[in-house]
Amino acid sequence: MAPRRRQSGRSGLATEMAVRGVVLLIAGTDTSALTTEWAMALLVKHPEVTRKMRAEIDANVGMGRLVEESDITNLPYLQCVVKETLRLCPVGPIIPAHEAM
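Here the sequence shown stands for residues 174 to 274, numbered as in the numbering used here.
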């Protein structure tokens, strides 16, 4: 049975929109945090990958600044580490591309 919504005008709509906004914010933050946690856990278990990734970052970015978004195209190994983390530890629901008939 579907829950009944109050017909209280704009304040009900504003409350519903606020709740949706908070849910989206938390969902986006949680998935990013979980992906980072899984990546760190995997890198601790595989120090050779950590060393190779660190060497790539040092060679392309240097030690004097943080990695910026514009640097990502020059860091293919880092991109592979992120993609492999998402493949091994997906944080979102796995949705099939299509249904079998």
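Note that beta-carbon positions come from the ideal geometry of N, C-alpha and C, so glycine has one too. Because the structure is a prediction, the values reported are computed rather than measured.
How would you label residue i, buried or exposed, when you count the other beta carbons within 10 angstroms and need 16 or more for buried?
i: leucine 251; result: buried
i: threonine 188; result: exposed
i: valine 254; result: buried
i: threonine 209; result: exposed
i: methionine 190; result: exposed
i: threonine 258; result: buried
Using three-state DSSP, classify residue i as helix, strand or coil.
i: cysteine 262; result: coil
i: leucine 251; result: helix
i: glycine 153; result: The structure shown does not extend to residue 153, since the chain spans only 174 to 274, so no value can be given for it.
i: methionine 236; result: coil
i: glutamate 241; result: coil
Which residues in the same chain have their Cβ closer than 7 Å to the Cβ of residue i, if we skip the five residues on either side of it in sequence?
i: methionine 194; result: Correcting the residue type first, residue 194 is glycine in the shown sequence and not methionine. Cβ within range, chain order: n/a, list empty.
i: leucine 248; result: Glu229, Ile230 and Asn233
Would you please verify whether the beta carbon of residue i is less than 8 Å from any beta carbon of chain B?
i: isoleucine 199; result: Here chain B cannot be found, since the structure has a single protein chain.
Counting along the chain, where does the alpha helix (DSSP H) carrying residue i start and finish?
i: methionine 226; result: 220 to 233
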